[in-house]
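J.: First the structure, which I've put down as structure tokens, then a few questions once you've had a look.
2 protein chains.
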Amino acid sequence: MPELRKDPMTRRWVIIATERAARPTDFPAERQEPSDLEKCPFCEGREQQTPPEIYAIRAPGTGPNGPGWRVRVVSNKFPALRIEGATDRTKTGIFTRMDGVGAHEVIIETTDHHTHLGLLPTEHVADVVRAYLQRYRDLRGDTRFEYVLLFRNHRRRAGASLFHPHSQLIALPIIPKHAAEELEAAELFYSREGACIYCTMAQQEMEAKERLIFENDRFTVLAPYASRFPFETLILPKQHQADFGEMESGSEFSFAQALGETLKRLDACLQNPPYNFIIHTLPYKRDSRHAYHWHVEIIPSLTRVAGFEWGSGFYINPVVPEEAARFLREVQTAPVMAEVAHKQV
Amino acid sequence: MPELRKDPMTRRWVIIATERAARPTDFPAERQEPSDLEKCPFCEGREQQTPPEIYAIRAPGTGPNGPGWRVRVVSNKFPALRIEGATDRTKTGIFTRMDGVGAHEVIIETTDHHTHLGLLPTEHVADVVRAYLQRYRDLRGDTRFEYVLLFRNHRRRAGASLFHPHSQLIALPIIPKHAAEELEAAELFYSREGACIYCTMAQQEMEAKERLIFENDRFTVLAPYASRFPFETLILPKQHQADFGEMESGSEFSFAQALGETLKRLDACLQNPPYNFIIHTLPYKRDSRHAYHWHVEIIPSLTRVAGFEWGSGFYINPVVPEEAARFLREVQTAPVMAEVAHKQV
Numbered sequence: 001m002p003e004l005r006k007d008p009m010t011r012r013w014v015i016i017a018t019e020r021a022a023r024p025t026d027f028p029a030e031r032q033e034p035s036d037l038e039k040c041p042f043c044e045g046r047e048q049q050t051p052p053e054i055y056a057i058r059a060p061g062t063g064p065n066g067p068g069w070r071v072r073v074v075s076n077k078f079p080a081l082r083i084e085g086a087t088d089r090t091k092t093g094i095f096t097r098m099d100g101v102g103a104h105e106v107i108i109e110t111t112d113h114h115t116h117l118g119l120l121p122t123e124h125v126a127d128v129v130r131a132y133l134q135r136y137r138d139l140r141g142d143t144r145f146e147y148v149l150l151f152r153n154h155r156r157r158a159g160a161s162l163f164h165p166h167s168q169l170i171a172l173p174i175i176p177k178h179a180a181e182e183l184e185a186a187e188l189f190y191s192r193e194g195a196c197i198y199c200t201m202a203q204q205e206m207e208a209k210e211r212l213i214f215e216n217d218r219f220t221v222l223a224p225y226a227s228r229f230p231f232e233t234l235i236l237p238k239q240h241q242a243d244f245g246e247m248e249s250g251s252e253f254s255f256a257q258a259l260g261e262t263l264k265r266l267d268a269c270l271q272n273p274p275y276n277f278i279i280h281t282l283p284y285k286r287d288s289r290h291a292y293h294w295h296v297e298i299i300p301s302l303t304r305v306a307g308f309e310w311g312s313g314f315y316i317n318p319v320v321p322e323e324a325a326r327f328l329r330e331v332q333t334a335p336v337m338a339e340v341a342h343k344q345v
Numbered sequence: 001m002p003e004l005r006k007d008p009m010t011r012r013w014v015i016i017a018t019e020r021a022a023r024p025t026d027f028p029a030e031r032q033e034p035s036d037l038e039k040c041p042f043c044e045g046r047e048q049q050t051p052p053e054i055y056a057i058r059a060p061g062t063g064p065n066g067p068g069w070r071v072r073v074v075s076n077k078f079p080a081l082r083i084e085g086a087t088d089r090t091k092t093g094i095f096t097r098m099d100g101v102g103a104h105e106v107i108i109e110t111t112d113h114h115t116h117l118g119l120l121p122t123e124h125v126a127d128v129v130r131a132y133l134q135r136y137r138d139l140r141g142d143t144r145f146e147y148v149l150l151f152r153n154h155r156r157r158a159g160a161s162l163f164h165p166h167s168q169l170i171a172l173p174i175i176p177k178h179a180a181e182e183l184e185a186a187e188l189f190y191s192r193e194g195a196c197i198y199c200t201m202a203q204q205e206m207e208a209k210e211r212l213i214f215e216n217d218r219f220t221v222l223a224p225y226a227s228r229f230p231f232e233t234l235i236l237p238k239q240h241q242a243d244f245g246e247m248e249s250g251s252e253f254s255f256a257q258a259l260g261e262t263l264k265r266l267d268a269c270l271q272n273p274p275y276n277f278i279i280h281t282l283p284y285k286r287d288s289r290h291a292y293h294w295h296v297e298i299i300p301s302l303t304r305v306a307g308f309e310w311g312s313g314f315y316i317n318p319v320v321p322e323e324a325a326r327f328l329r330e331v332q333t334a335p336v337m338a339e340v341a342h343k344q345v
């Protein structure tokens with residue numbers, strides 16, 4: 001019998017196809033896309049091909065917009081939103097519009113065109129996280145914005161238009177729909193139970209163990225109870241914390257380890273799958289630090305979203321989350337270079 | 001400057017890329033998928049390869065589960081939900097589950113393996129609509145269900161796993177998230193304005209004309225003001241009507257004409273694009289006939305949904321809806337066979 005499960009954090013129902021439990025091998029690996037190395041604007045030595053550098057982690061003695069960087073942030077050359085302008089809304093009858101004001105930046109994660117975040121040493125991933133944090137905290141100072149969305153599209157099928165490893169950031173003048181929904185559910189739970197819904201869920205999962213993938217000193221990695229997609233995973237800080245931007249100095253490495261290790265396991269299970277990850281954080285102007293809990297959602301692109309999902313907002317997941325967790329818990333990954341690289345810094 | 005537009009019916013914001021207005025030719029046609037004719041279980045003469053017939057429109061003198069049908073409805077051989085069972089919910093800590101009870105049916109639209117809904121004569125499309133209505137009304141009688149979702153996935157990229165023209169129906173024991181959201185927004189508008197939000201919107205669009213694609217005696221076809229996707233279209237009845245199942249006898253032909261003509265125009269503009277369409281209707285147990293208005297959403301699959309969309313619930317649309325409407329208004333379609341076929345019946 002298939003099962004209907006409700007995600008308590010989003011109040012979204014998912015149909016879990018328990019009968020025909022799919023295995024990782026049911027999802028054939030995506031054919032390798034062309035790497036477009038010869039015309040890549042994100043490679044070292046081609047810094048002039050991007051808009052000017054906003055932030056970088058660089059070797060001492062090197063200057064902006066030239067070689068010598070480890071992580072580099074630039075404006076998106078084809079931004080979805082523009083940084084200049086005001087956020088007035090205008091109405092025409094029942095329609096509301098505003099200028100497309102916002103920031104759209106690209107975090108170039110490494111000079112190595114052919115690697116990806118799941119293959120990099122943990123200390124390098126930590127540098128990427130430090131770049132996220134720097135940009136997040138900087139943009140939060142712009143009072144026109146309500147939310148800073150950090151996300152990563154990996155491989156063409158998951159929406160990456162360039163091959164070179166990169167993440168993106170979009171600062172928005174409106175709280176995104178999903179953030180508002182999560183916040184509403186979290187506030188409702190807090191008002192009823194006097195506790196954070198994410199802390200409550202994580203504690204229940206640590207006891208049940210069946211959806212736990214792994215943990216480190218500061219982060220827990222789970223397959224969500226009502227996963228929408230096969231091998232969906234969730235990373236959340238063990239200590240209650242609402243805002244990604246408030247991560248303590250010193251936690252970047254633990255977070256990078258949790259993120260890198262999760263991607264490495266997905267890679268080992270599913271052979272470099274296309275995926276999206278998104279950092280969900282408190283809309284920072286809202287006073288709900290007690291109720292909300294930041295987290296990362298990683299969704300491999302293995303199935304297609306079709307009429308049922310578009311029409312209902314519900315999902316059909318052919319992989320039982322407990323099975324996905326077991327595969328990701330038990331999978332053998334390649335030896336980790338992290339510790340070696342860590343010592344160099 | 002890009003523009004942020006809010007859809008009043010779903011309260012979803014969309015970024016419209018007004019600067020680089022894409023044209024239909026910016027979306028190259030999908031390569032033709034294999035038609036798998038030799039093993040198609042939906043072709044005439046292979047009726048034994050599907051679960052038993054639930055409903056059919058057939059030539060006089062022909063019996064169920066054999067040739068002679070025009071439109072045929074069967075259970076999905078690999079159903080997402082099962083028809084037997086109860087709808088009790090069980091809780092484990094903060095998680096809620098229920099058995100996957102529901103109906104999952106396939107409406108086989110024609111015996112012709114190689115056609116599609118945009119190419120069929122209007123009278124044949126009207127038979128498909130009659131099959132939708134018969135199944136919708138029948139399943140609404142099952143008190144375990146809350147919603148009957150009718151949708152169509154066209155071509156593999158839009159989620160169709162079989163080539164032969166077909167639509168699907170899923171009856172659900174829970175009101176889908178999107179239906180609940182639309183209903184909530186419609187009820188709120190009604191409580192404030194004393195009018196149906198869809199009627200109000202349609203009237204404004206009939207005056208503005210810039211997003212109007214075409215109309216017939218009973219239906220209006222529009223590009224939504226805050227279209228999420230390039231060439232998204234909306235079909236809605238001119239007379240206020242909340243529930244698809246209450247379509248008057250005699251309206252099927254007008255609806256079929258509006259639907260078929262829209263698909264024909266999308267086909268001519270975008271060369272047989274993959275698409276999903278979904279019939280949005282009142283959750284029929286809810287007493288909001290005054291506030292809600294049924295409609296059809298057609299979304300071509302031309303762009304990829306990626307981290308931004310998954311993370312925010314917002315969308316980036318590279319085609320200005322007024323431009324999409326103009327292309328779809330002005331496109332030349334092949335001569336219509338509808339009237340000839342109509343006279344035969």
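Residue numbers (the working numbering), protein chains in the order written: chain A, 1 to 345; chain B, 1 to 345.
Note that CB positions come from ideal geometry on N, CA and C, so glycine has one too.
1) Determine whether the beta carbon atoms of V73 of chain B and E252 of chain B lie at a separation below 8 angstroms.
2) What do you get for T110 of chain A, buried or exposed, if any count of 16 or more other CB atoms within 10 angstroms of its CB means buried?
3) Consider the Cβ of I213 of chain A: report whether some Cβ of chain B lies at a distance smaller than 8 angstroms.
4) In angstroms with no decimal places, state the Cα-to-Cα distance between P8 of chain A and I94 of chain B.
5) List, in order along the chain, the chain A residues whose C-beta lies closer than 8 angstroms to that of I316 of chain B?
6) Between the alpha carbons of A180 of chain A and G68 of chain B, how many angstroms are there, rounded?
7) Any idea if E297 of chain A is buried or exposed, counting beta-carbon neighbours within 10 angstroms, 16 or more meaning buried?
8) In the region 105-137 of chain A, which residue ranges form an unbroken alpha helix (DSSP H) of at least 4 residues, counting only runs that do not cross its ends?
9) Smallest Cα separation from Q332 of chain A: which of A:F308, A:R304, A:L266, A:I316?
10) So, does the CB of N65 of chain A fall closer than 8 angstroms to a CB anywhere in chain B?
11) Going by DSSP, what residue range makes up the alpha helix (DSSP H) through L212 of chain B?
12) Let me check understanding here. Comparing Cα to Cα, which of A:A202, A:P52, A:Q271, A:S227 lies closest to L4 of chain A?
13) Should Q239 of chain B go down as buried or exposed, given a rule of 16 or more other Cβ atoms within 10 Å for buried?
14) Do N76 of chain B and H113 of chain B have their beta-carbon atoms positioned less than 8 angstroms apart in this structure?
15) Quick check on Q32 of chain B - is its C-beta less than 8 angstroms from some C-beta in chain A?
16) Rounded to a whole number of angstroms, what is the C-alpha to C-alpha distance between K6 of chain A and T96 of chain B?
17) Per DSSP, M98 of chain A is paired with what?
18) Taking only beta-carbon atoms, is R286 of chain B less than 8 angstroms away from chain A?
19) To the nearest angstrom, how far is it from the Cα of L263 of chain A to the Cα of P300 of chain A?
20) Please decide whether S35 of chain B counts as near chain A, where near means a Cβ-Cβ distance under 8 angstroms.
21) Looking at chain A, is there any beta carbon in it that lies within less than 8 angstroms of the beta carbon of S254 of chain B?
22) Quick one: grab the DSSP three-state call for P321 of chain B.
23) Run through the DSSP bridge pairs and tell me what Q168 of chain B is partnered with.
24) Which chain A residues are close to M206 of chain B, counting only those with a beta carbon under 8 angstroms from its beta carbon?
25) Please classify E297 of chain B: does DSSP put it in a helix, a strand, or coil?
26) Examine chain A for any beta-carbon lying closer than 8 angstroms to the beta-carbon of H166 of chain B, and answer yes or no.
27) Among A:T18, A:P283, A:R155, whose alpha-carbon lies nearest the alpha-carbon of D243 of chain A?
28) Less than 8 angstroms between C-beta atoms, sequence neighbours within five positions excluded: which residues of the same chain meet that for F145 of chain A?
29) Ends of the beta strand (DSSP E) at R157 of chain A?
30) Quick one: grab the DSSP three-state call for M337 of chain A.
31) Determine the DSSP secondary structure at F219 of chain A, reduced to helix, strand or coil.
32) So, is the C-beta of V340 of chain B closer than 8 angstroms to a C-beta in chain A?
33) Taking C-beta to C-beta, are E19 of chain B and P2 of chain B nearer than 8 angstroms?
T.: Taking the coordinates as given:
1) Counting from 1 along the second sequence, the entry for residue 73 of chain B is found at position 73. Counting from 1 along the second sequence, the entry for residue 252 of chain B is found at position 252. In this structure, E252 of chain B does not lie closer than 8 angstroms to V73 of chain B by Cβ.
2) Within the first sequence, residue 110 of chain A is the residue found at index 110, counting from 1. T110 of chain A is buried by the Cβ-count criterion.
3) Against the first sequence, residue 213 of chain A aligns to sequence position 213. So, not an interface residue.
4) Taking the first sequence and counting its residues from 1, the one referred to as residue 8 of chain A is at position 8. Taking the second sequence and counting its residues from 1, the one referred to as residue 94 of chain B is at position 94. Their Cα atoms are separated by approximately 7 angstroms.
5) Within the second sequence, residue 316 of chain B is the residue found at index 316, counting from 1. Chain A residues near I316 of chain B: A80.
6) Counting from 1 along the first sequence, the entry for residue 180 of chain A is found at position 180. Counting from 1 along the second sequence, the entry for residue 68 of chain B is found at position 68. Rounded to the nearest angstrom, the two C-alpha atoms are 53 angstroms apart.
7) For this step, residue 297 of chain A is matched to residue 297 along the first sequence. Buried is the call here.
8) none
9) Stepping through the first sequence from its first residue, residue 332 of chain A is reached at position 332. The shortest C-alpha separation from Q332 of chain A is found at A:L266.
10) Taking the first sequence and counting its residues from 1, the one referred to as residue 65 of chain A is at position 65. Cβ-Cβ to chain B under 8 angstroms: no for N65 of chain A.
11) Taking the second sequence and counting its residues from 1, one reaches residue 212 of chain B at position 212. Careful: L212 of chain B lies outside any alpha helix (DSSP H), inside the beta strand (DSSP E) at 212-215.
12) For the purposes of this step, residue 4 of chain A is taken as residue 4 along the first sequence, with counting starting at 1. Nearest C-alpha to L4 of chain A: A:S227.
13) Residue 239 of chain B sits at position 239 when you count from the first residue of the second sequence. Result: exposed.
14) Start at 1 with the first residue of the second sequence, and residue 113 of chain B comes out as number 113. Start at 1 with the first residue of the second sequence, and residue 76 of chain B comes out as number 76. No; because the gap between Cβ atoms is not below 8 angstroms, this pair is not in contact.
15) For the purposes of this step, residue 32 of chain B is taken as residue 32 along the second sequence, with counting starting at 1. False, the Cβ-Cβ gap to chain A never drops below 8 angstroms.
16) For the purposes of this step, residue 6 of chain A is taken as residue 6 along the first sequence, with counting starting at 1. For the purposes of this step, residue 96 of chain B is taken as residue 96 along the second sequence, with counting starting at 1. Those two C-alpha atoms are separated by around 5 angstroms.
17) In the first sequence, residue 98 of chain A corresponds to position 98, counting from 1. Bridge partners of M98 of chain A: A:R89, B:L4.
18) Position 286 of the second sequence, counted from the start, is the residue given in the question as residue 286 of chain B. Not closer than 8 angstroms to any Cβ of chain A, the Cβ of R286 of chain B fails to qualify, so no.
19) Looking up residue 263 of chain A in the first sequence gives position 263. Looking up residue 300 of chain A in the first sequence gives position 300. Cα-Cα distance, rounded: 10 angstroms.
20) Counting from one through the second sequence, the residue named residue 35 of chain B turns up at place 35. No, because no Cβ of chain A sits closer than 8 angstroms to the Cβ of S35 of chain B.
21) By 1-based counting over the second sequence, the position of residue 254 of chain B is 254. No, no contact with chain A.
22) The count along the second sequence starts at 1 and reaches residue 321 of chain B at position 321. Looking at P321 of chain B - three-state DSSP - the assignment turns out to be helix.
23) Locating residue 168 of chain B in the second sequence gives position 168, where the first residue counts as 1. Per DSSP, B:V106, B:F151.
24) Walking along the second sequence from the start, residue 206 of chain B turns up at place 206. By Cβ distance, chain A contributes nothing, its closest Cβ being about 12 angstroms from M206 of chain B, past 8 angstroms.
25) Here residue 297 of chain B corresponds to residue number 297 of the second sequence, with the count starting at 1. Strand, per DSSP.
26) By 1-based counting over the second sequence, the position of residue 166 of chain B is 166. It does not; no Cβ of chain A falls within 8 angstroms.
27) Indexing the first sequence from 1 puts residue 243 of chain A at position 243. Answer by Cα proximity: A:P283.
28) For the purposes of this step, residue 145 of chain A is taken as residue 145 along the first sequence, with counting starting at 1. So the list reads G102, A103, L139, A171, L172, P173, once near-sequence residues are dropped.
29) Taking the first sequence and counting its residues from 1, one reaches residue 157 of chain A at position 157. It is not in any beta strand (DSSP E) - R157 of chain A carries neither H nor E in the DSSP assignment.
30) Position 337 of the first sequence, counting from 1, holds the residue named residue 337 of chain A. Since pLDDT at M337 of chain A reaches only 49, below the 50 mark, its modelled position is unreliable, and the value read off the structure follows with that caveat. Looking at M337 of chain A - three-state DSSP - the assignment turns out to be coil, as it is neither helix nor strand.
31) The residue labelled residue 219 of chain A in the question sits at position 219 within the first sequence. Strand.
32) As a first step, residue 340 of chain B is located in the second sequence; it is residue number 340 there, counting from the start. The predicted position of V340 of chain B is uncertain, since its pLDDT is 40 and thus under 50; a value taken from the coordinates is nonetheless stated next. Chain A contact via Cβ: absent.
33) Here residue 19 of chain B refers to the residue found at position 19 when the second sequence is read from its first residue. Here residue 2 of chain B refers to the residue found at position 2 when the second sequence is read from its first residue. Contact flag set, yes.
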